[in-house]
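A.B. asks:
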Amino acid sequence: MSRILLVEDDLDLAENVHQLLGRIGEVEACTDADAAAEAVRSRRFDLALMDVRLASDLEPRTALDLLPLVREHSPDAEIVLMSGYATLDSALEAVRQGVFAYVPKPFDPRGLLALAERALSQVALRRERKQLSKELGRSEALHRAVFDAVDELIVGLDKSHRIQLWNRAAAAATGWSLEEALDQNACDLLLDASQRGLFDHAVESASRGEGTGAFRVLINTRAGEQRVVQWTARPLSPDGAPPRMVVVAGTDVTERLALERRAADAEAMAAMGRLTSALAHEIRNPINAAKLQLEVLRRSAMKLENGADAIQRRVEVIGGELSRLSHLLDDFMGLARPKHLTLHAVELEDVVNGVAHVQRPTIESAGLSLEVEIGDGLCPSYADEGRLKQAMMHLVTNAIDALQARGSGTIRLAALRDGRVQELCVEDDGPGLDQPEDQVVAPFVTTKKTGTGLGLPFAKKITEMHGGQLLLRPRDGGGTTVRIRLPVIDANGVPEPG
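Using our numbering, the first residue of the sequence shown is number 1245, and each one after it goes up by one.
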């Protein structure tokens, strides 16, 4: 039931109004300003009807003096002022104070009752609006929490492909916050030119209410990386109205695709290992027999007086080819069926200096320069020194091949520390990569006429056996940087804290 405050010092009038308003609410009557102030402080009211002139033991008061107190303790209440001495100034002041009505005395009881009912209806409507606003706020907070809790990227686009919705998953995947992404054109923010056609077609189809299947595009992140995202586009059209927005929901499948590629590579390597095991013995025996017979032929040729030099040259050519075939078989076996690592404390500085010592004559004879850098803060790595040197030798050979056609260039070898990771680096200023990284490290992929395409895969395999990562990146100014990134671990195989 509504609570009504009646402030009137005319006792007869107060009794009549009390009975009249008792039909629509619980009425509390006060005859002076002090009692009214006490009532307002102790209880909350829905409607206050007050005489403009009020008696007070403290000092003369008017109803206008009580208005701030009523507003403070009953903010939703409506206020009606009554006066037998109404003036234009008092009426204007009442309007400025936001009272519901100003009623001159004498008044019609039925009119006053109707006025009170309208005021209480206004109070009820105001409270209902507040309650609905709170419920709407809670609902929006719940939907926002769900919107931000899902793992999928959710992006809402208007007709101009400008971003209107952007959840936390989208921010996490791309690196752009909600504030940065809002009102940006999604294509300009996320896509290269080669990726826009498919994305635009799907969004346009969805905006016309047409269904679209899942599609994949590469998106650019704030950090300059690219992620593979599988999207679906749906129109947002409440109550069947024309779509106001298109919502594209995406799943980042970059890691999944990488896992699938690694699984396929592992399966291919396993199959290759089985094939190698079956054929290696049969292949190596004829090679060894052929080498033995070549040695016999070489010695026989040395005894001849005529034609010995020609035979000797042919023997050397055939021997070289057999040796190359033997080395190829060794690489093939090492990649397909790698041996277990022999782990011990290894100084990466020794690895770099050892490779530089072996490769320097070859590098300089090709007209190239060699630089060596040893960074600060290096610590021993628990690794297989021989296998790391093999991996670096393959990378250096690739760098020499990349620069040899030009006849000049620089190869840089380095051992560096990067936080909890240490790196062995091989860098050249050659032509750089002309294929995506995942294709370059695939077995048997090579741009050399006589290459096997096993050097990089072998280095990658050795790196991963150490729990590390092989990274190929374009070098600033041209060329390629290959990094063997190794975690800093102790002799128990425990990563260094920090």
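We put the beta carbon where it would ideally sit given N, CA and C, even for glycine.
#1: Tell me, please, whether the stretch 1714-1734 touches the stretch 1648-1667 by the rule of three or more beta-carbon pairs shorter than 8 angstroms.
#2: Just mark V1390 as buried or exposed, buried being the case when its beta carbon has 16 or more other beta carbons within 10 Å.
#3: Taking 8 angstroms as the limit between beta carbons, can you name the residues of its chain near N1260, skipping five residues before and five after?
#4: Less than 8 angstroms between C-beta atoms, sequence neighbours within five positions excluded: which residues of the same chain meet that for A1281?
#5: Pick out whichever of V1394, V1492, Q1474, L1426 has its Cα sitting closest to the Cα of E1499.
#6: With a threshold of 16 other CB atoms inside 10 Å of the CB of H1638, please say whether the residue is buried or exposed.
#7: What did DSSP end up calling R1558 once you bin it into helix, strand or coil?
#8: According to the neighbour-count rule (16 or more other Cβ atoms, all chains shown, within 10 Å of its Cβ), is C1669 buried or exposed?
#9: Pick helix, strand or coil for P1304, following the three-state DSSP scheme.
#10: Would you check if the stretch 1408-1425 and the stretch 1445-1457 touch, i.e. whether three or more CB-CB distances between them fall below 8 angstroms?
#11: First and last residue of the alpha helix (DSSP H) that includes N1642?
#12: Would G1699 and N1642 be called neighbours here (beta carbons separated by less than 9 angstroms)?
#13: Going by the DSSP bridge assignment, what does S1613 pair with across the sheet?
#14: Start and end of the alpha helix (DSSP H) containing S1377?
#15: Note down, in chain order, each residue of its chain lying with its Cβ closer than 7 angstroms to the Cβ of G1611, except the 5 sequence neighbours on either side.
#16: DSSP three-state label for M1245, please.
#17: Taking only runs that begin and end inside the stretch 1435-1502, name each unbroken beta strand (DSSP E) of 3 or more residues, in chain order.
#18: Do L1249 and A1277 come within 9 angstroms of each other at the CB atom, strictly closer than that value?
#19: Taking the beta strand (DSSP E) that Q1408 belongs to, which residues open and close that run?
#20: On the criterion of 16 or more Cβ atoms from any shown chain inside 10 Å, does K1633 qualify as buried, or is it exposed?
#21: When DSSP builds the beta bridges, which residues end up paired with T1725?
#22: Grab me the residues of R1460's own chain with a C-beta within less than 8 angstroms of its C-beta, minus the 5 sequence neighbours each way, in chain order.
#23: Pair every Cβ in the stretch 1359-1372 with every Cβ in the stretch 1313-1333, then say whether three or more of these pairs are closer than 8 angstroms.
#24: Measure from the alpha carbon of L1357 to the alpha carbon of each residue in R1288, A1533, H1405, R1267, then state which is nearest.
#25: Is the separation between the beta-carbon of H1317 and that of V1284 shorter than 9 angstroms?
#26: Looking only at its own chain, which residues have a Cβ that is under 8 angstroms from the Cβ of V1749, when we skip the five neighbours before and after it?
#27: Can you tell me the Cβ-Cβ gap for R1542 and Q1556, rounded? I've got them flagged as a contact below 8 angstroms.
#28: Should N1429 be labelled buried (16 or more other beta-carbon atoms within 10 Å of its own) or exposed?
#29: Enumerate in chain order the residues of its own chain whose CB-to-CB distance from T1586 is below 6 angstroms, with the five nearest sequence positions on each side excluded.
#30: Measuring alpha carbon to alpha carbon, tell me which of R1661, I1644, R1388 ends up nearest G1674.
#31: Going by the CB atoms, is the gap between V1491 and L1401 shorter than 9 angstroms?
#32: Would I1463 pass as a contact of L1501 if the rule is Cβ separation under 9 angstroms?
#33: Enumerate in chain order the residues of its own chain whose CB-to-CB distance from S1404 is below 8 angstroms, with the five nearest sequence positions on each side excluded.
#34: Have a look at the DSSP bridge pairing and note the partners of F1625.
#35: According to the neighbour-count rule (16 or more other Cβ atoms, all chains shown, within 10 Å of its Cβ), is Q1470 buried or exposed?
#36: Which of helix, strand or coil does DSSP assign to Q1666?
C.D. replies: Looking at the atomic coordinates:
#1: yes
#2: Position 146 of the sequence shown, counted from the first residue, corresponds to residue 1390. Burial is judged here by how many other beta carbons sit within 10 angstroms of a residue's own beta carbon; V1390 has fewer than 16 and is exposed.
#3: Taking the first residue of the sequence shown as 1, we reach residue 1260 at position 16. Within the same chain, N1260 has close Cβ partners P1353.
#4: Taking the sequence shown and counting its residues from 1, one reaches residue 1281 at position 37. Result list for A1281: L1310, L1313, in chain order.
#5: The count along the sequence shown starts at 1 and reaches residue 1499 at position 255. Distance check between E1499 and each of V1394, V1492, Q1474, L1426 places Q1474 closest, using alpha-carbon atoms only.
#6: Looking up residue 1638 in the sequence shown gives position 394. With 16 or more Cβ atoms within 10 Å of its Cβ, H1638 is classed as buried.
#7: Against the sequence shown, residue 1558 aligns to sequence position 314. Looking at R1558 - three-state DSSP - the assignment turns out to be helix.
#8: Along the sequence shown, read from residue 1 onward, the residue named residue 1669 stands at position 425. Under this definition C1669 is a buried residue.
#9: Indexing the sequence shown from 1 puts residue 1304 at position 60. Bear in mind that a pLDDT of 49 at P1304, under 50, signals an unreliable position, so the model cannot answer this.
#10: no
#11: By one-based count along the sequence shown, residue 1642 stands at place 398. Start and end: 1629-1648.
#12: Residue mapping note: residue 1699 aligns to position 455 of the sequence shown, counting from 1. Residue mapping note: residue 1642 aligns to position 398 of the sequence shown, counting from 1. Closer than 9 angstroms, so yes.
#13: For the purposes of this step, residue 1613 is taken as residue 369 along the sequence shown, with counting starting at 1. Beta-bridge pairing by DSSP links S1613 to T1654.
#14: Position 133 of the sequence shown, counted from the first residue, corresponds to residue 1377. Its alpha helix (DSSP H) spans residues 1353-1393.
#15: Position 367 of the sequence shown, counted from the first residue, corresponds to residue 1611. Its chain contains G1651, S1652 as the residues whose beta carbon lies nearer than 7 angstroms to that of G1611, once the 5 sequence neighbours on both sides are disregarded; these appear in chain order.
#16: Indexing the sequence shown from 1 puts residue 1245 at position 1. In this structure, M1245 counts as coil in the three-state DSSP scheme.
#17: 1459-1464, 1470-1480, 1489-1496
#18: By one-based count along the sequence shown, residue 1277 stands at place 33. By one-based count along the sequence shown, residue 1249 stands at place 5. Contact flag unset, no.
#19: Locating residue 1408 in the sequence shown gives position 164, where the first residue counts as 1. Residues 1407-1410.
#20: Translated into positions along the sequence shown, residue 1633 becomes position 389. Result: buried.
#21: Against the sequence shown, residue 1725 aligns to sequence position 481. T1725 pairs with E1671, R1717.
#22: Numbered from 1 along the sequence shown, position 216 holds the residue referred to as residue 1460. So the list reads V1472, V1473, Q1474, W1475, V1497, once near-sequence residues are dropped.
#23: Put simply, the stretch 1359-1372 touches the stretch 1313-1333. At least three CB pairs are less than 8 angstroms apart.
#24: If you number the sequence shown from 1, residue 1357 lands on position 113. Minimum Cα distance to L1357 is reached at R1267.
#25: Taking the first residue of the sequence shown as position 1, residue 1317 is located at position 73. Taking the first residue of the sequence shown as position 1, residue 1284 is located at position 40. Contact: yes.
#26: Residue coverage of the chain in this structure runs from 1245 to 1742, which leaves residue 1749 outside it and unanswerable.
#27: Counted from its first residue, the sequence shown places residue 1542 at position 298. Counted from its first residue, the sequence shown places residue 1556 at position 312. Yes, R1542 and Q1556 are in contact; Cβ-Cβ is about 6 angstroms, under 8 angstroms.
#28: For the purposes of this step, residue 1429 is taken as residue 185 along the sequence shown, with counting starting at 1. With fewer than 16 other Cβ atoms within 10 Å, it is exposed.
#29: By 1-based counting over the sequence shown, the position of residue 1586 is 342. Contacts found: D1628.
#30: Taking the first residue of the sequence shown as position 1, residue 1674 is located at position 430. Cα-wise, what sits closest to G1674 is I1644.
#31: Numbered from 1 along the sequence shown, position 157 holds the residue referred to as residue 1401. Numbered from 1 along the sequence shown, position 247 holds the residue referred to as residue 1491. Yes. Within cutoff.
#32: Locating residue 1463 in the sequence shown gives position 219, counting from the first residue. Locating residue 1501 in the sequence shown gives position 257, counting from the first residue. Against a cut-off of 9 angstroms, the Cβ pair of L1501 and I1463 comes out as no contact.
#33: On the sequence shown, position 160 is the one that residue 1404 refers to. Result list for S1404: N1429, in chain order.
#34: Here residue 1625 is taken as the residue at index 381 of the sequence shown, counted from 1. In the sequence as presented, Phe is not what sits at residue 1625; that position holds Ser. BP columns for S1625 point to V1590.
#35: Numbered from 1 along the sequence shown, position 226 holds the residue referred to as residue 1470. Exposed, by the Cβ-count rule.
#36: The residue labelled residue 1666 in the question sits at position 422 within the sequence shown. Here Q1666 sits in strand by DSSP.
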